[in-house]
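Numbering (UniProt numbering), first residue to last: 1 to 259.
The beta-carbon is built from N, C-alpha and C at its ideal position, and this holds for glycine as well.
What follows is one structure encoded as C-alpha cells, with my remarks underneath.
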C-alpha cells in the first residue's frame, strides 16, 4: 500500500514527526555512561504516554522478527545496527548507540533514528561511520521532489556509502510511512537512478541509511530481533521521515531544538 496524504493529514504528520525528533533528542540528552538500555526504554514509554501518542513497536510482529517486539524503542549497541531489543545492559563510555523510534499520533506515524557515541571517550571509527550515514541521508533528501524516482534516492545513498569505502546491505532500507509505520515503496540503500516509483506530493518516506564497517552480512541474536554485523564490526544508522511537497521536500522528524 502507498498512501498519499492530504494537506490536513500532512499537518498531523508534522506534529508526529516533531514529537519523534524531540523524544530522540531527549533520550540522547539523558543517556550517559552507566545508563541501562532498559532505562532508555522506560523513558521512551513515559515520553510517548505523556504526549498522547502510541508506540509503533510494542505490538509490532513482522515476519522477520520474533514478535511482538514488546518495547518502545530500538537500542542497538556497537555491532548491533537494526531492531536492537532493549535488555539489561549498562552502557560504557565510548559505546556506539543507535536509537530508532516510531510513534503514531492522531492517525499518522513518523520514524527516525540517531547514532551517537556515549560519554566522553573518543571513537574515531564510530565518528566516520555516523558521518557517512548522515551524509548519505542528506544526499537522498536532496533528491526528493515531485517527479523524482525512488532509484534516485537509493543511488544517492549508495554513492555516498560505497564512496566512503563501506559495503551496502539491501535486505533492509527505507520505506513509505503514513497511517502505519511500514508501507510501500521500499527504498533500498543503493540503486539505479531513474528507476522505481515516481514521487508525488503528499508521499511520506522514512529514509534510513545504515552501514557496517567491513561487511554487508547480518546475523540475528537469539532474541529473534537484534541484527548485528556478521564480523562484529561497528555499525551506524541515521533516519528521518520526510514529506514530498509541491515544490520539494520537508524533513518532519527534526527536533524542536538542535542544541
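inquiry  = Taking contact to mean 3 or more Cβ pairs, one atom from each stretch, closer than 8 Å, check whether the segment 129 to 139 and the segment 208 to 225 are in contact.
reply    = yes
ask   = Just curious, the alpha helix (DSSP H) that residue 9 is in, first and last residue?
value = 7 to 30
task = Report yes if the C-beta distance between residue 215 and residue 230 is below 8 Å; otherwise report no.
result = yes
key: Limits of the unbroken alpha helix (DSSP H) element including residue 120   = It is not in any alpha helix (DSSP H) - residue 120 carries neither H nor E in the DSSP assignment.
key: DSSP three-state assignment for residue 252, whether helix, strand or coil   = coil
ask   = Just curious, the beta strand (DSSP E) that residue 229 is in, first and last residue?
value = 227 to 229
query = For the candidate residues 89, 81 and 112, whose alpha-carbon lies nearest to that of residue 25?
reply = 112
query = Can you name the start and end residues of the alpha helix (DSSP H) that residue 51 belongs to?
reply = 37 to 51
request  = List the DSSP bridge partners of residue 111.
outcome  = 102
request  = Consult DSSP for residue 136 and reduce its assignment to one of helix, strand or coil.
outcome  = helix
task = Apply the 10 Å Cβ neighbour rule to residue 120 and answer buried if 16 or more other Cβ atoms are within range, or exposed otherwise.
result = exposed
ask   = Which residue from 4, 110, 73 and 16 puts its Cα closest to that of residue 99?
value = 73
inquiry  = Does the contact criterion of 3 or more C-beta pairs under 8 Å hold for the segment 29 to 39 versus the segment 86 to 101?
reply    = yes
inquiry  = Just to check my reading of the structure: residue 249 and residue 178 have Cβ atoms closer than 8 Å, yes? What is that Cβ distance to the nearest angstrom?
reply    = That pair is no contact at about 16 Å.
ask   = Roughly how many angstroms lie between the CA atoms of residue 64 and residue 224, to the nearest whole one?
value = 8 Å
request  = Just the C-alpha distance for residue 70 and residue 155, rounded to the nearest angstrom, thanks.
outcome  = 34 Å
ask   = So what does DSSP say about residue 142, is it helix, strand or coil?
value = helix
task = Could you pull out every residue in the same chain whose Cβ sits closer than 7 Å to the Cβ of residue 174, ignoring the five residues on either side in sequence?
result = 187, 205, 206, 207 and 208
request  = Report the rounded CA-to-CA distance for residue 246 versus residue 6, giving the unit in angstroms.
outcome  = 12 Å
task = Look at residue 114 and residue 140 and say whether their C-beta atoms are less than 8 Å apart.
result = no
inquiry  = Can you list, in chain order, the residues of its chain with a C-beta nearer than 7 Å to that of residue 59? Leave out the 5 residues immediately preceding and following it.
reply    = 68
Own chain partners of residue 51 with C-beta closer than 6 Å, once the 5 adjacent residues on each side are dropped = 19
Euclidean distance between Cα positions of residue 95 and residue 12 = 35 Å
ask   = Residues in its own chain within less than 6 Å of residue 191 by CB, not counting five upstream and five downstream?
value = 151, 154 and 155
query = The alpha helix (DSSP H) with residue 152 in it runs from where to where?
reply = 150 to 163
query = Which class does residue 81 belong to by DSSP, given the choice of helix, strand or coil?
reply = strand
Where residue 131 falls: helix, strand or coil (DSSP) = helix
request  = Using a threshold of 8 Å, state whether the C-beta atoms of residue 196 and residue 228 are closer than that.
outcome  = no
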